Amino acid sequence: MSGGSARSLGKGEACPPRSAATLRRVSGPGPGGRAAPERSHAGGSAPPGPVPEGLIRVYSMRFCPFAKRTLLVLKAKGIGHEVININLKNKPEWFFKKNPFGLVPVLENSQGQVIYESAITCEYLDEAYPGKKLLPDDPYEKACQKMVFELFSKVPPLLLSFLRRQNKEDCSGVKEELHKEFSKLEEVLTNKKTTFFGGSSLSMIDYLIWPWFEWLIALELNECVDHTPNLKLWMEAMMKDPAVSSLFIDPKAFRGFLDLYLQNNLEACDYGL
Amino acid sequence: MTDDATRTLGKGSAPPGPVPEGLIRLYSMRFCPFAHRTRLVLRAKGIRHEVININLRNKPEWYFTKHPFGQIPVLENSKGQLIYESVIACEYLDDAYPGRKLYPYDSYERARQKMLLELFCKVPHLTKECLVTLRCGRGCADLKLALRQEFCNLEEILGYQNTIFFGGDCISMIDYLFWPWFERLDVYGIADCVNHTPALRLWIAAMKQDPTVCALLIDKNIFLGFLNLYFQNNPDAFDYGLSC
Chain P
1 MSGGSARSLG KGEACPPRSA ATLRRVSGPG PGGRAAPERS HAGGSAPPGP
51 VPEGLIRVYS MRFCPFAKRT LLVLKAKGIG HEVININLKN KPEWFFKKNP
101 FGLVPVLENS QGQVIYESAI TCEYLDEAYP GKKLLPDDPY EKACQKMVFE
151 LFSKVPPLLL SFLRRQNKED CSGVKEELHK EFSKLEEVLT NKKTTFFGGS
201 SLSMIDYLIW PWFEWLIALE LNECVDHTPN LKLWMEAMMK DPAVSSLFID
251 PKAFRGFLDL YLQNNLEACD YGL
Chain E
1 MTDDATRTLG KGSAPPGPVP EGLIRLYSMR FCPFAHRTRL VLRAKGIRHE
51 VININLRNKP EWYFTKHPFG QIPVLENSKG QLIYESVIAC EYLDDAYPGR
101 KLYPYDSYER ARQKMLLELF CKVPHLTKEC LVTLRCGRGC ADLKLALRQE
151 FCNLEEILGY QNTIFFGGDC ISMIDYLFWP WFERLDVYGI ADCVNHTPAL
201 RLWIAAMKQD PTVCALLIDK NIFLGFLNLY FQNNPDAFDY GLSC
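For the protein sequence lines, the chains are P and E, in the order given.
The first sequence: position 195 = 195 (the UniProt record's numbering), numbered continuously.
The second sequence: position 92 = 92 (the UniProt record's numbering), numbered continuously.
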C-alpha cells in the first residue's frame, strides 16, 4: 500500500495555472439538483491548477464508497467544493503527489494543504468548517462513535470479497460473516434505543458507514438486514436524509460500473457518462 | 518504579469495584506497547489514575464485560463509561482532561498527525513478527527489510519537515503514539533497523530525554525476563519483576 514519496504530507507544491475546461464547480447546498459530474482524470492528463479561494477540492471517484463519505459530509455541512474524479484503473502520475498511496478521497484546500484517508478528511471538514457539527462535543460520545467505526471495519472488505465471488464460488460463508458483523451493529442500536448510531439525530458515524449499505440496496441485497430490524429501520431513516438522497447512487449505473471494474476495464470509473 | 507495578488479575479473581470519583482506571499489562501509549498520555497530562493489570494468558471472566474480546488497553471512568482501542483512548484523554493539549489545535495539523499514524500502521505487526521469528530461532531478514522500509518512510517525513519531533519542535501526541515500538527495538533484538535512519535515531534520543518517556521506561533486564517466560507460555510472565 505505501509506495512513492511521502512528500505530499508537506505543504503541497505550486501547480501550473488551471485550465478552466478541466474543472467544474459543485457548490454547496442546492435544492437537491446535482451538477453534472465530469469524466475522470487518467494517466497522461495535465495536473489541475491551484484550488480557488473559498472552495475546497475533493479528488474522488463517482462509485467509491470511501470518497462517498467525504462527499456526504461536504453536502451535509454545506461546504463549497469542487470535485475532480480520478480514473482508479489508470491513475494520473500527478495524483501520487497529492496522495503517495494513490487513493481517493483526497482533500486539497486553497492553501495547498492536502488531507487523505476518508475518516481523516471527514473529521477535518467537521473541525475546520462552521455550521452543524457532525461529531459530538462530548469526549465520551465522540469516542463511542469511533468505537462503532472500529466495529464496522470488517464490513467493507467482506462486502468487497462478496462482490468478487458473486458469479463464481458459493458465497454463503461470506454472507454468514456479513450477518455476524451486522448483528454487532444491530446490538449497538438495540442498546442505545435510538434510530441512529450517534443518538436520535443523524451524525458523523451514520455517514461514515452509509455508503456500504447503499451498495446493499444497489445490488438488491436488502435481505442481508432481514434479521436485524433496527438496522433495517436505520437504513430507511438514512434514505430520508437530504444529503444521502441527493447523492444516492443509481443502481443501474452502479451495477454497470461494477461489472466493468471487476474486469479491470479502464472505462469503468466513467460508466454512465 | 512506575505506578502500574501491581500483580495481574486472572481467572477466578473478583471483579474490581466501581472507579472512585476523581480517578480514571486503566486496564493494562506492563509490557504491552498499545497500553503503553495510554500510560504515556495519562502521565504526560498529569491525569490521576489507577491501573489494573490483566493476565492476558488467563483472563478473568469479568474482564469480558469491559472489552468484548478481552483486549487491553481499556479506560473506565467513575461513571462506568468504557473506552477502548489505544488511539481512541488517547484521544479521549486529550479531549476530556484539561491542561496540556497533546494534539494540536489547528485542524490541518491534527489531520496531519492522524495521517502520520496511517504511515506507521505496519510497524506494530512487523516488530512483533520479528520478535516471534527471532525467538523461534528463525531468521527474519525479510521482515527486517520490510521494517527498515517503513522506517525510511518515517525518516523522509522528519527530513522534509526538518523538525526533531513528528509534530514539530515539541513532543506531541503522535510521538507518544509511535514511541512504545521504538523503545522495544533493543530488547526485541532489532535495534539495527534504525542504522540507516539518522533523523529517526535523533528522534529516539530526544524522546529518551522527555520526562514522561523517562518515567515509564521499562528496565531492559525485566523486559527480557518477561519475554523469556512469555515465550515459554508461562502465565507468570506478566508479573515478572514485581516484588511481592
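Beta carbons: idealized from backbone N, C-alpha and C, even for Gly.
Because the structure is a prediction, the values reported are computed rather than measured.
Only Pro139, Tyr140, Lys142, Ala143, Lys146, Met147 and Glu150 from the UniProt domain "GST C-terminal" (138-262) of chain P bring a Cβ to less than 7 Å from some Cβ of chain E. Three or more pairs of CB atoms, one per stretch, sit closer than 8 Å, so the stretch 122-130 of chain P contacts the stretch 100-120 of chain E. Proximity of glutamate 129 of chain E to chain P, defined by a Cβ-Cβ separation below 8 Å, is not satisfied. By the rule that beta-carbons nearer than 8 Å mark a contact, aspartate 142 of chain E does not touch chain P. Secondary structure note for glutamate 123 of chain P: its alpha helix (DSSP H) is the uninterrupted segment 118-128.
Taking a Cβ-Cβ cut-off of 8 Å, the neighbours of tyrosine 124 of chain P in chain E comprise Ser107, Tyr108, Arg110 and Ala111, given in sequence order.
The UniProt domain "GST N-terminal" (54-133) of chain P contains, as complete beta strand (DSSP E) runs of 3+ residues, the segments 56-60, 81-85, 106-108 and 114-116 (chain order). When E/Pro124, E/Glu50, E/Ala146 and E/Tyr230 are compared, the shortest CA-CA separation from glutamate 183 of chain E is found for E/Pro124.
Excluding the 5 residues flanking it on each side, glutamate 155 of chain E has same chain C-beta neighbours closer than 6 Å at Thr197, Ala199 and Leu200, in chain order. Taking the beta carbon of alanine 268 of chain P as reference, no residue of chain E falls within 8 Å; the closest one sits roughly 26 Å away. In this chain, the alpha helix (DSSP H) harbouring valine 132 of chain E covers 123-135.
Interface with chain P (8 Å Cβ-Cβ cutoff): glutamate 118 of chain E is included. Contact between asparagine 85 of chain P and serine 60 of chain P holds: their C-beta atoms lie close to 6 Å from each other, under 8 Å.
Residues of chain P with a Cβ closer than 8 Å to the Cβ of alanine 96 of chain E are, in chain order, Pro139 and Tyr140. Measuring C-alpha to C-alpha distances from phenylalanine 63 of chain P to each of P/Phe257, P/Lys146 and P/Lys175 identifies P/Phe257 as the nearest.
No Cβ-Cβ contact shorter than 8 Å links threonine 212 of chain E with arginine 30 of chain E. Contacts with chain P (Cβ-Cβ distance below 7 Å) from the stretch 59-90 of chain E involve Gln81, Ile83, Tyr84, Glu85 and Ile88, listed in chain order. Put simply, of P/Phe182, P/Ser203 and P/Phe162 the residue whose alpha carbon is nearest the alpha carbon of serine 153 of chain P is P/Phe182. Counting only unbroken stretches of 4 or more residues, the alpha helix (DSSP H) elements lying wholly within the UniProt domain "GST N-terminal" (22-101) of chain E are 33-44 and 86-96, in sequence order. Around alanine 128 of chain P, the beta-carbon contacts reaching into chain E at under 8 Å are Ser107 and Tyr108.
Taking C-beta atoms under 8 Å as the contact rule, lysine 11 of chain E and proline 60 of chain E qualify, at a distance of about 6 Å. The three-state secondary structure of leucine 219 of chain P, taken from DSSP, is coil. Among the residues facing chain P, methionine 115 of chain E is included, as its CB has a counterpart in that chain under 8 Å away.
When DSSP states are grouped into helix, strand and coil, glycine 159 of chain E belongs to the helix group. Beta-bridge partners of leucine 9 of chain E (DSSP): E/Ile54.
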